[in-house]
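Notes follow once the structure below has been shown.
Okay, structure coming up:
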């Protein structure tokens, strides 16, 4: 996800007219000050008008995807579509793939989509044009968000209720280290294709998941896969060096998992409110979190420092969640984090012209979102 910011960094563009340079906008429209020599050309596109040429001082086709695919004068909507289509692919695929995970099991869906995401990512680094790159990014988004979503459900099913709070710690630390890895790769090479290729290469682990990842015990129970469940219990007993008495949790009848239809769910005002409230909170958190993460790439004089702070600040935030959840519960933490996040964002607007204070307020807001 974050590699997109580093393969299409901001471009410093000017328009060359003879021996002079003039200012141009994001889509290469000439934007000279009123009364200046070339102001009558304002609104014209550099490169299309005779004797004009777009010059980029900080990147070339090897270091920036936008230049290689001739997108340096495109509208920002098209320039950012490599990230947008990732999300579109996820929105379309995840509900369908989640149903498949209920029917065929968590493991095959997680493993298959992890492998597809890895292969599509590798192929994207060799894309001959932008259209193929976007198709591959859509596949990556669909498969990546699928294994993330199904994996989150499976994790809750693997881990006992007492240890479930640790999920947030592991998740946040792992995510943060992934961000740091992305940054380290950008320091290894300036070639955008190599950056993309190396960043996604750890995804090769997907091929060993089939041998290492167990099926969800919850799914095995629901689907009455007794023999596979016995193997799971045997492995769990060996790893934990314990043999629980399963007679304590036996039931007289088989448990059948039922899924309510949309019509039945829509009759519950309470459930609609819960879905709306949680959906709204998730939207706010995602908006703040990703806006700050992507903005940190272009904040300041380089694309490294602010993003590094933005990455490592998530580790203490993730570690703090565990004791806070145990002491305060979920609801209280969410509410107070949203309050402090809001105050921090207001602080950003107050200190817009003071880099250190602005960055500090943004990092506090990101800690709260994390």
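Residue numbers (this note's numbering): 10 to 379.
Here a beta-carbon is modelled for each residue, glycine too, at the ideal position from N, C-alpha and C.
Residue 190 has its alpha-carbon roughly 15 Å from the corresponding atom of residue 199. Contact annotation, residue 115 with residue 179: C-beta distance approximately 17 Å; criterion of less than 8 Å not satisfied. Within the stretch 294 to 337, the alpha helix (DSSP H) runs of at least 4 residues that lie entirely inside it are, in chain order, 314 to 321 and 323 to 337. DSSP, read as helix, strand or coil, puts residue 242 in helix. With the rule of 3 Cβ pairs closer than 8 Å, the stretch 117 to 136 counts as touching the stretch 206 to 216. Ranked by Cα distance from residue 186, the first of 317, 304 and 74 is 317. Per DSSP, the unbroken beta strand (DSSP E) holding residue 29 starts and ends at 29 to 32. Per the coordinates, the alpha-carbon of residue 352 lies some 52 Å from the alpha-carbon of residue 59.
By alpha-carbon distance to residue 99, the top candidate from 62, 159 and 85 is 159.
Straight through space, the alpha carbons of residue 176 and residue 330 are spaced by roughly 10 Å. If you keep only unbroken alpha helix (DSSP H) runs of at least 4 residues inside the stretch 98 to 137, you get 115 to 133.
Setting aside the 5 residues that flank it on each side, residue 66 is surrounded in the same chain by 21, each with a C-beta closer than 6 Å to its C-beta; the list follows chain order. Around the CB of residue 46, fewer than 16 other CB atoms lie within 10 Å, so the residue is classed as exposed. Between the alpha carbons of residue 350 and residue 290 lies a distance of about 12 Å. According to the DSSP assignment, residue 164 belongs to the alpha helix (DSSP H) that extends over 139 to 167. Counting along the chain, residue 191 sits inside the alpha helix (DSSP H) bounded by residues 175 to 197.
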